[in-house]
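*Asks:* Mind looking over this structure? Questions follow.
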Amino acid sequence: MKVVKFGGSSLASATQLEKVLNIVKSDLERKFIIVSAPGKRNSKDTKVTDALIKYYKHYISEKDVTEDQKWIIQRYQDIANDLHLDNRVMEKIQKAVLSLATLPITDNSFLYDTFLAAGEDNNAKLIAQYFNQNGINALYMHPKKAGIKVTSDPGNAQIIPSSYDRLEKLSDLEEVIVIPGFFGVTQDGQICTFSRGGSDITGSIVAAGVKADLYENFTDVDGIFAAHPGIIDNPNSITELTYREMRELAYAGFTVLHDEALIPAYRGHIPLVIKNTNNPSHPGTRIVLNHSKEQQPVVGISADDGFTSINLSKYLMNREIGFGRKVLQILEDLNISFEHMPTGIDDMSIIIRDRELTPIKEEEILRQLTHKIEVDKAEIERNLSILMVVGENMMSHIGVTAKAASALSENNINIEMISQGSSEVSILFVIRTEQKNDAIKALYNAFFQ
Ligand code: ASP
């Protein structure tokens, strides 16, 4: 049995929905369909979720919302007309969109989430109707009925583990079940969304709950590329990745899938495949627990910008017991999370995402390092990028770091720092952001050409 999630671009128009219908019809194992809200039809279009945000903002500031309501309803109406859907479904959608503007504004921490979730919820109703009119015995199911219980954290809901047992009971149903993605229901019955892009998370939760054989995530690309296609022309697409490799690539900029979406499927031991709605015969990228066959040592190269390093040194640092703890305590007290901490004998660098820092926090870190911990030198280095060379199989290969480092040096790229965890899933280089694109090209040529 398969759980299938379709993203917004796969559901943006009647033409896209026809492809979705064929995909679902072509495989009887596709039993659970998780849907996003309609996405953009072209680059200038607005996603329904974004239109709902606008609608919400106008509503809470007591502005006229008629245009917002009209636009959103028309968006569904266009699809329904093109697909010749029974009018009753549009009546329900219209009512649901209008009724948002009757909800209480004050003391309602879930109002924003309720508006946003309407994009997915109404799309699921529409799609179930479309399936039913076209030979699929389908059932629309609200997350409340499906048992998707979440914590009361608006915009950042977390699944409550008892949901998995409730979801498991759905496997006995006859129909193809259509569930809106992106949100669950709190203990008090409030609508609460996952973070943006969170329909992937619903798909993963349902796959783990119903113990699916496969979680298929349909989007608009032929899977995951070995490097960013904006930097490398026609990069290889990856046929198979492990969950650990995917996590490393996602950490440094690969955003095909919401990274929180990996957790339920990984814990439930469910393989996942990323496929293209516009090219469904392409095998896509499979994400598995362990590689099925011997792989190349490197599966992908990713990079991410926006890092700052705090570099410090103190003579005989290595002999001072508790030195590392004191440094990290400064960060903890300022509520700063750090990413990496490469060390030398008498020096240490702490790599932090720029968004964690403010000028005041930076000043305070330097002040405390100098006065409290009495370092000899402390400085801040900005405009850094991280570069990750990823592959579980590098563990059994000698010379991967050497090959990467020489590819970088041959292209005059200065390595600011280098780090590799004991699990050897990746090698991380810190470089200057202006050299990032050249660095990716150099590494791609070394490992894939
Ligand atoms: N529609 C939601 C968003 O735009 C969730 C999703 O598409 O996965 O964030």
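Positions 1 to 449 (the UniProt record's numbering) are the ones given, in order, by the sequence shown.
Beta carbons are placed, not taken as given, at the ideal position from N, Cα and C, and that holds for glycine.
All values derive from a computational prediction rather than experimental measurement.
1) Name, in chain order, the residues that DSSP records as bridge partners for N276.
2) Which residue from S426, V178, H58 puts its Cα closest to that of V3?
3) Cβ of S37 versus every heavy atom of the ligand ASP: is any distance shorter than 6 Å?
4) Between F307 and the ligand ASP, is there a pair consisting of the residue's CB and a ligand heavy atom that are separated by less than 6 Å?
5) Considering only the beta carbon of each residue, do N311 and S281 sit closer than 7 Å?
6) Tell me whether T49 counts as near the ligand ASP, meaning its Cβ is closer than 6 Å to at least one heavy atom of that ligand.
7) In the DSSP assignment, find the unbroken alpha helix (DSSP H) run with T66 in it and report its ends.
8) Between L387, D346, I205, K92, which has its C-alpha nearest K377's C-alpha?
9) What is the DSSP secondary structure of K63, counted as helix, strand or coil?
10) Roughly how many whole angstroms lie between the Cα atoms of V221 and T239?
11) Using a 10 Å radius around the Cβ and a threshold of 16 neighbouring Cβ atoms, would you call M395 buried or exposed?
12) What's the call for S423, buried or exposed, on a 16-neighbour Cβ count within 10 Å?
13) Tell me whether G197 counts as near the ligand ASP, meaning its Cβ is closer than 6 Å to at least one heavy atom of that ligand.
14) Who pairs with R286 in a beta bridge, going by DSSP?
15) Distance, Cα to Cα, A138 vs D153?
16) What does the alpha-carbon distance come out to for the pair G284 and V299?
17) Where in the stretch 119-152 do unbroken runs of the alpha helix (DSSP H), each at least 4 residues long, occur, reported from the N-terminal end onward?
18) Taking a contact to mean a Cβ-Cβ separation below 7 Å, would you say M417 touches V430 in this structure?
19) Measure the beta-carbon distance from Q74 to T277 and round it to whole angstroms, keeping in mind my assumption that it falls under 8 Å.
*Replies:* By the coordinates alone:
1) T219
2) V178
3) Note that residue 37 is Ala in the sequence shown here, rather than Ser. Yes, the Cβ of A37 comes within 6 Å of a heavy atom of the ligand ASP.
4) no
5) no
6) yes
7) 66-82
8) D346
9) Coil, per DSSP.
10) 13 Å
11) When all chains shown are included, M395 counts as exposed.
12) exposed
13) yes
14) Its beta-bridge partners are E240, V273.
15) 31 Å
16) Straight-line Cα distance between these residues: approximately 15 Å.
17) 143-146
18) yes
19) 23 Å between Cβ atoms; not a contact.
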